[in-house]
Amino acid sequence: MSKYFYTIVLGLMLSLNACSGSDNNVGTDDDPVIEFQIPSELAAYYSEVDFSATGTTLLNELHEVSESNHTVLSYGARHNYLYSIDEDAANTDNVILMYTGESRYWEEYTSGNNPYSPQTFNTEHIYPQSLLTSEDAVTDLHHLRVCDADVNSQRSNYPYQDGVGNAMLLTASSWYPGDEWKGDVARMILYLNVRYGESFNKVGYEDLFLDWNEEDPVSSFEIQRNNRIEAAQGNRNPFIDNPYLATLIWGGDAAENSWE
């Protein structure tokens with residue numbers, strides 16, 4: 012596969028606000044030389060982004076790419092895409108449910124227009140719908156996931172909190188998404204901050220999501236979702252393409268650089 016090479020010299024990263032309405036801080040670095048080898052299939056999509064930038068500059072450039080390529084869908088249109096996006100690669104008649112990882116028959120989705128019975132799963136907003144400030148974010152497939160209806164009800168709109176093991180309520184009002192899903196959640200929240208300026212503080216806190224992004228690497232399932240969402244609505248989650256971009260924007264422990 013041909014690659015596009017970028018040699019990036021990172022200067023001292025200053026602590027500053029990354030976007031309005033959120034508390035995003037850029038960390039500091041020791042002037043490393045980072046060589047990005049961007050896959051050829053992504054080169055055109057990211058061609059307007061200067062990857063020698065960091066902090067607010069890089070955030071704003073990724074915002075422009077995400078916004079300009081995004082075709083906003085209606086909320087009802089999710090039924091046309093979500094069950095392919097969340098498809099179980101090992102059983103293509105099924106979808107993978109958020110938080111539990113269970114594989115379930117795709118036609119069991121909850122809808123008044125769905126004649127199939129039983130209807131056992133519905134749509135989870137990873138960033139709870141009631142807390143979103145952008146109407147367009149409500150319909151954005153990048154943070155919509157199929158989820159068991161009972162689990163979704165238990166999860167409610169509680170903020171995320173660190174934990175260990177499977178998804179669970181940690182207190183009466185906080186939710187741990189599970190060891191296998193915390194990175195997925197983090198990268199969706201980071202995307203929503205870049206795309207819409209949605210605040211970290213309503214659903215957790217910045218350092219938590221940066222830690223989860225670093226600790227739980229991108230899965231093949233996330234890559235599948237990212238590619239199929241681009242086909243549906245035109246834009247990508249840059250933190251699935253390369254988790255290290257979050258480190259360049261906000262600092263913290265270095266996440267995986269998938270463009271090495």
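If you count the sequence shown from 1, you need to add 11 to reach our numbering. No residue lacks a Cβ here, since even glycine has one placed at the ideal position from N, Cα and C.
Distance, residue j Cα to residue i Cα
| i | j | result |
| --- | --- | --- |
| Y127 | E118 | 6 Å |
| S77 | A160 | 30 Å |
| N105 | S95 | 9 Å |
| N124 | F132 | 14 Å |
| A266 | Q48 | 16 Å |
| E98 | R239 | 10 Å |
| N268 | D227 | 13 Å |
| L203 | A64 | 20 Å |
| I192 | D61 | As written in the sequence, residue 192 is Trp, which differs from the Ile given in the question. Those two C-alpha atoms are separated by around 30 Å. |
| L256 | D222 | 13 Å |
| M109 | H136 | 10 Å |
| C158 | A100 | 17 Å |
| G262 | I234 | 23 Å |
| V214 | Y116 | 30 Å |
| A243 | L84 | 9 Å |
| F220 | N91 | 30 Å |
| Y120 | R89 | 11 Å |
| D254 | V229 | Here residue 254 turns out to be Pro, not Asp, going by the sequence shown. In a straight line, the C-alpha of P254 is about 8 Å away from that of V229. |
Residue range of the alpha helix (DSSP H) that includes residue i
| i | result |
| --- | --- |
| I240 | S231 to Q244 |
| M199 | K193 to Y207 |
| Y187 | Run containing Y187: none in the alpha helix (DSSP H); it sits in the beta strand (DSSP E), S185 to Y187. |
| T150 | Segment: none, T150 is in no alpha helix (DSSP H) and carries neither H nor E. |
| I260 | Y255 to W261 |
| S51 | S51 to A54 |
| S79 | G66 to S79 |
| S95 | L93 to I96 |
| L221 | E217 to E226 |
| F250 | P249 to D252 |
Exposure label - residue i; buried when at least 16 CB within 10 Å
| i | result |
| --- | --- |
| H298 | Residue coverage of the chain in this structure runs from 12 to 271, which leaves residue 298 outside it and unanswerable. |
| T82 | exposed |
| G32 | In this prediction, G32 scores a pLDDT of 39, lower than 50, which makes its location untrustworthy; the coordinate-derived value is nonetheless stated afterwards. Answer is exposed; the Cβ neighbour count stays below 16. |
| I45 | buried |
| V175 | exposed |
| P188 | buried |
| I200 | buried |
| T103 | exposed |
| A197 | buried |
| P129 | exposed |
| D151 | buried |
| S167 | exposed |
| E146 | exposed |
Sequence-distant residues of its chain with Cβ nearer than 7 Å to residue i (five each side left out)
| i | result |
| --- | --- |
| A183 | none |
| Y57 | I49 and V76 |
| V149 | Y86, Q140 and L143 |
| D195 | E233 |
| M12 | Because M12 sits at a pLDDT of 42, beneath the cut-off of 50, its placement in the model cannot be relied upon, and the point is left open. |
| M179 | Y187 |
Chain B contact for residue i (CB, 7 Å cutoff)
| i | result |
| --- | --- |
| R156 | The structure shown has no chain B; it contains just one protein chain. |
The ligand FMN heavy atom lying under 6 Å from the CB of residue i
| i | result |
| --- | --- |
| D104 | In the structure on display, the ligand FMN does not appear, and there are no ligands present to speak of. |
Residue span of the beta strand (DSSP E) that contains residue i, given as start and end
| i | result |
| --- | --- |
| D104 | N102 to I107 |
| E135 | F132 to H136 |
| Y116 | S114 to Y116 |
Beta-carbon proximity list for residue i, same chain, < 8 Å, skipping 5 on both sides
| i | result |
| --- | --- |
| S185 | Y169, P170, Y171 and Q172 |
| E72 | E59, V60, D61 and A64 |
Contacts around residue i, its chain only, beta-carbon distance under 6 Å, and the 5 residues preceding and following it disregarded
| i | result |
| --- | --- |
| N80 | G245 and N246 |
| Y17 | Since pLDDT at Y17 reaches only 42, below the 50 mark, its modelled position is unreliable, and the value read off the structure follows with that caveat. Excluding residues within five positions, the ones whose Cβ falls inside 6 Å are F47 and F62. |
| R236 | I96 |
| Y207 | S145 and A148 |
| H74 | V205 |
**Item:** In chain order, each beta strand (DSSP E) run of at least 3 residues that lies wholly inside the segment 158 to 184
**Value:** 179 to 182
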